[in-house]
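Asks: Have a look at the structure that comes next, please.
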Ligand code: ADP
Ligand code: MG
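Residue numbers (the UniProt record's numbering): 1 to 252.
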């Protein structure tokens, strides 16, 4: 699974467990992501994929195990350290999570105002314009989220994370509910972010085209553990096996 052995590890997870009441969601997850690595995580609905990335970003606490991100144990650090760490982790939520009562400009300004209190108004405006150009939507700056298409909302959601220049990107089903053309545009944007921002990433997806286009490696979450992980070639030796796995693990 690990191609670049000499590169530093950015995410290291050992024996992670997480339950909600009697529901065991994660039951011994091990994961290692190196700098610049992009991992697609597959698994059927309810298998714990979103919970995993919420734990990585400090939104949920693990019950057991260690979760180290950029050298820090997410559940052991102070609130202040966690806030700094979270500013280095971009989280692209499944529903884009834009603030509906704010314009695109205000949505993009929000993380900057919260995290970089020393920036001037013109620096904030410049950062907003830059990131809107990166996602190809400069014309939407004064629009409300309700006026955007699903694909545009996704892009603005990604732009909002890029504005803090994250080191790690976590994408929760980035192409879910999008048509094939819009999906391929989002895949291209994820690729662009990987090369231009040099992010390491986890891409949760049911969409194999998305996984193949945006990830170097793939891991399959089944019964709270990674059942298989490795390059696409290692995990799916033939097209047939992909179909087989979709059937066996009921990804959709
Ligand atoms: P998915 O793989 O579809 O992203 P999730 O990670 O969202 O699945 O959820 C895994 C399981 O954990 C589901 O059964 C879900 O209902 C449950 N779950 C997730 N978050 C919570 C929570 N905050 N409280 C209680 N149960 C939760
Ligand atoms: Mg999910």
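A virtual CB, placed ideally from N, CA and C, is assigned to each residue, including glycine.
When every heavy atom of the ligand ADP is checked, does at least one fall within less than 7 angstroms of the C-beta of residue 49?
Replies: Taking the first residue of the chain shown as position 1, residue 49 is located at position 49. For the ligand ADP, at least one heavy atom lies less than 7 angstroms from the Cβ of residue 49.
Asks: Three or more C-beta pairs closer than 8 angstroms, one from the segment 70-79 and one from the segment 14-29: is that the case here?
Replies: The answer is no - the segment 14-29 does not touch the segment 70-79, with fewer than three Cβ pairs under 8 angstroms.
Asks: Leaving aside the five residues before and after residue 28 along the sequence, list all residues of the same chain whose C-beta is less than 8 angstroms from its C-beta, in chain order.
Replies: Start at 1 with the first residue of the chain shown, and residue 28 comes out as number 28. Excluding residues within five positions, the ones whose Cβ falls inside 8 angstroms are 15, 16, 17, 65, 224, 225.
Asks: With a cut-off of 8 angstroms on the beta carbons, I'd call residue 110 and residue 157 a contact; round off their distance for me.
Replies: Residue 110 sits at position 110 when you count from the first residue of the chain shown. Residue 157 sits at position 157 when you count from the first residue of the chain shown. Contact flag wrong, Cβ pair sits at about 12 angstroms.
Asks: Output the distance between the C-alpha atoms of residue 139 and residue 20, rounded to the nearest integer angstrom.
Replies: Here residue 139 is taken as the residue at index 139 of the chain shown, counted from 1. Here residue 20 is taken as the residue at index 20 of the chain shown, counted from 1. When rounded, the distance between both Cα atoms is 43 angstroms.
Asks: Taking the straight line between their C-alpha atoms, what separation do you get for residue 151 and residue 102?
Replies: Numbered from its first residue, the chain shown carries residue 151 at position 151. Numbered from its first residue, the chain shown carries residue 102 at position 102. So the alpha carbons of these two residues sit roughly 18 angstroms apart.
Asks: To the nearest angstrom, how far is it from the Cα of residue 114 to the Cα of residue 137?
Replies: Along the chain shown, read from residue 1 onward, the residue named residue 114 stands at position 114. Along the chain shown, read from residue 1 onward, the residue named residue 137 stands at position 137. Looking at the two C-alpha atoms, the distance is approximately 23 angstroms.
Asks: In terms of DSSP beta bridges, what is residue 90 paired with?
Replies: Within the chain shown, the letter at position 90 stands for residue 90. In DSSP, residue 90 forms a bridge with 169.
Asks: If you count every other CB in all the chains shown that lies within 10 Å of the CB of residue 134, and 16 or more means buried, which is it?
Replies: For the purposes of this step, residue 134 is taken as residue 134 along the chain shown, with counting starting at 1. So residue 134 ends up on the buried side.
Asks: Within the same chain, show all residues whose beta-carbon is closer than 8 angstroms to that of residue 129, passing over the 5 residues directly before and after it, in chain order.
Replies: For the purposes of this step, residue 129 is taken as the residue at position 129 of the chain shown. Cβ neighbours of residue 129 beyond the five flanking positions: 138, 141.
Asks: So, at 8 angstroms on beta carbons, what are the nonlocal neighbours of residue 2 in its own chain, with the 5 sequence-adjacent residues on each side left out?
Replies: In the chain shown, counting from the first residue as 1, residue 2 sits at position 2. Per-residue confidence for residue 2 stands at a pLDDT of 49, beneath the threshold of 50, marking its modelled position as unreliable; the derived number appears in the next sentence. Excluding residues within five positions, the ones whose Cβ falls inside 8 angstroms are 32, 34, 37.
Asks: Name the DSSP bridge partner or partners of residue 72?
Replies: For this step, residue 72 is matched to residue 72 along the chain shown. Residue 72 pairs with 69.
Asks: Is the beta carbon of residue 127 closer than 8 angstroms to that of residue 148?
Replies: Mapped onto the chain shown, residue 148 falls at position 148. Mapped onto the chain shown, residue 127 falls at position 127. No, they are not a contact pair.
Asks: Answer yes or no: the CB of residue 25 versus the heavy atoms of the ligand ADP, is any distance below 7 angstroms?
Replies: Position 25 of the chain shown holds residue 25. Result yes, Cβ under 7 angstroms from the ligand ADP.
Asks: Please return the same chain residues whose Cβ sits closer than 8 angstroms to the Cβ of residue 196, not counting the five positions on each side in sequence.
Replies: Here residue 196 corresponds to residue number 196 of the chain shown, with the count starting at 1. Excluding sequence neighbours, residue 196 sits near 134.
Asks: Can you check which of these residues, 220, 30, 166, is closest to residue 88 by C-alpha distance?
Replies: As a working mapping, residue 88 is identified with position 88 in the chain shown. The option with the nearest alpha carbon to residue 88 is 166.
Asks: Please report the distance separating the alpha-carbon of residue 209 from that of residue 144.
Replies: Start at 1 with the first residue of the chain shown, and residue 209 comes out as number 209. Start at 1 with the first residue of the chain shown, and residue 144 comes out as number 144. When rounded, the distance between both Cα atoms is 31 angstroms.
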